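Okay, so here's the structure we're looking at.
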């Protein structure tokens, strides 16, 4: 039996869900911000949660993605009797379309797994994080997958869970624009069509397939042409003042493609990893939102190709 | 100016349209059968068509895919004044779901282009063949693309036409089963839904994306799991007695995946390129159709990785 640690800390990056046309099936891990979870063994059973900087959040463990994921890891390894203290440092906003709840889930699962001596492999960690995420944000893997595995991830199936890590071109980067807007995931889901015309479904699957090939072959122009979402983006753009203008500005400034990150309000542009182009796209998106009366922080971000990682382990 | 030839002959392979979930967007070129078109210069203007073995077919050039494609090539190169005699040797059935009209279009375009000294590149030939195919069988490129380019082809967009050749694993082969049935493309199209549930569209695009990745990475098990069409196959299976049984038998015999080729009635199974497995799948499919009262010819076929080619050139 592996020795239990006294404490373990894990980091999980944020991610772009959907990545344009890949509604619910593609996700891309993004560097530069993420959630960090520290798990400490407690003498008494049960889980105690602390989220510095978020005094308004409830402290009931079953309402926290990190705690749920850590408890899922304990349950899957027969360690329900272990007590945990969990500290979550949110580097990602709570509701911004940057995969924050998924990152918290993943970091919680990875930290708890490290505390136990890493009994679970990536597939089981994925299951644990998906189950935790399902409680707080719905059953999806397009943020959990990339946050855990890094890079670009395809969710082939949720039932059974079948998640595939795809290739990502070396010279691809991302511009993230965070407009000062609120769009609740529930509202963003409500505007989605229940049915789509067959022609739209055909178009959409061709774009997702083209994205996969473009990434595998490094064809960034094809990748850009394929960022053409005709399902979620048209439905949600009306809820996101400034987004259509920011998208047009990004493309005009040299972005390969641009769409909404997850259910928004964050938007993203894919760019060649060229500082000059990226800077133009960052400025163009921020200024376009501003002209629409929406304050916005935009930043260039690398793709996180590593995914979640253990930052620290402390023996008992 | 390049010298005009007196005669040129081109071959184009058959193909599997849709390839399961890739409705209208994926096509796979299949070896072992195809259409061969010989184009001969005539002194007088106009086009004369001959299709040995098919005395019932009309001889009006504007009703023949090969002649239409050849005329399209003449028009695109400013050679409308050249008279052509066209002989089409049909190696593919006229209406079987094996991409016969696409192969005729492609072979006609390639032969006419060869006669003119190859002025057109693959992209223009694709356009010419798509226009010809559109007249006789509807505007699709999922058979024309692979018949021209070989291998597995993705149709990202029809307008503008954007066709991408994908990777195909070396150890992949195909079993084609030709049941003695008739299913008119028009009827096969009529049963398709006009709209699909969003969840179905999501599933379908995940499968097509997974197929592309599986082929790029050589993951044949993933490829098999991804052959799961929930749009066309369920609608058409009811029109194709014996197909559900043949599919079950193929999978049971070791096929990676199985679905309907194009709009049917031909069905296909993807198999590892292993003679023993392939022989079992061939037998299993034929016997399953037979038990359902449907005579069937089944054969193992390699993937045609070359696409259309010029077989002979004869100087003037």
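Residue numbers (this note's numbering), protein chains in the order written: chain A, 1 to 316; chain B, 317 to 632. In this text, a Cβ means the ideal position worked out from N, Cα and C, and glycines have one as well. All values reported here derive from a predicted model rather than from experimental measurement.
A direct Cα-to-Cα measurement between residue 617 of chain B and residue 247 of chain A gives close to 47 Å. Against residue 24 of chain A, the close residues of chain B are 518, in the order they occur along the chain (beta-carbon pairs closer than 7 Å). In the DSSP assignment, residue 158 of chain A is bridged to A:161. Listed along chain B, the residues sitting closer than 9 Å to residue 207 of chain A by beta-carbon distance are 472, 473 and 521. For residue 35 of chain A, the enclosing beta strand (DSSP E) covers residues 26-42.
In the structure shown, the three-state DSSP call for residue 17 of chain A is strand.
Secondary structure at residue 169 of chain A: coil, using DSSP grouped into helix, strand and coil. Judged by DSSP secondary structure, residue 269 of chain A falls within the beta strand (DSSP E) whose first and last residues are 267-272. In the DSSP assignment, residue 108 of chain A falls within the unbroken alpha helix (DSSP H) covering 100-115. According to the DSSP secondary-structure assignment, residue 259 of chain A is paired through a beta bridge with A:268. The beta-carbon of residue 550 of chain B is placed no less than 8 Å from the nearest beta-carbon of chain A. Rounded to whole angstroms, the gap between the alpha carbons of residue 208 of chain A and residue 412 of chain B is 29 Å. Interface criterion not met: the Cβ of residue 484 of chain B is under 8 Å from no Cβ in chain A.
Per DSSP, the unbroken alpha helix (DSSP H) holding residue 222 of chain A starts and ends at 220-226.
In the three-state scheme derived from DSSP, where H, G and I count as helix and E and B as strand, residue 392 of chain B is classed as helix.
A buried status is given to residue 337 of chain B, since no fewer than 16 other beta-carbon atoms sit within 10 Å of its beta-carbon.
Scanning chain B for C-beta atoms nearer than 8 Å to the C-beta of residue 225 of chain A yields 472, 473 and 478, reported in chain order. With fewer than 16 neighbouring CB atoms inside 10 Å of its own CB, residue 293 of chain A falls in the exposed class.
The residue among B:565, B:587, B:495 and B:567 with its C-alpha nearest the C-alpha of residue 555 of chain B is B:495.
In chain order, 513 and 514 make up the part of chain B whose C-beta sits under 8 Å from the C-beta of residue 194 of chain A. Annotation: the continuous alpha helix (DSSP H) that includes residue 245 of chain A extends over 243-252. Contacts with chain B at 8 Å (Cβ-Cβ) include residue 222 of chain A. The C-beta distance from residue 342 of chain B to residue 458 of chain B rounds to 6 Å, short enough to meet the 8 Å contact threshold. Interface criterion not met: the Cβ of residue 135 of chain A is under 8 Å from no Cβ in chain B.
The segment 191-202 of chain A makes no contact with the segment 247-260 of chain A; the number of CB pairs closer than 8 Å stays below 3. Annotation: residue 272 of chain A to residue 171 of chain A spans about 6 Å, alpha carbon to alpha carbon. Listed along the chain, the chain A residues whose CB falls inside 7 Å of the CB of residue 528 of chain B are 209, 212 and 213. Rounded to whole angstroms, the Cβ separation of residue 415 of chain B and residue 473 of chain B is 20 Å, and the two are not in contact under 8 Å. Within chain B, no C-beta atom comes less than 7 Å from the C-beta of residue 315 of chain A; the nearest is roughly 39 Å away.
As DSSP reads the structure, residue 626 of chain B sits in a beta bridge with B:326. Within the segment 108-134 of chain A, no residue has a Cβ lying closer than 9 Å to any Cβ of chain B. Secondary structure of residue 512 of chain B (DSSP, three-state): strand. Between residue 574 of chain B and residue 592 of chain B the beta-carbon gap is near 18 Å, outside 8 Å, which marks them as no contact. Residue 319 of chain B and residue 631 of chain B have their C-alpha atoms spaced approximately 8 Å apart.
The way I'd put it, the segment 27-35 of chain A doesn't touch the segment 211-220 of chain A; fewer than three beta-carbon pairs between them come closer than 8 Å.
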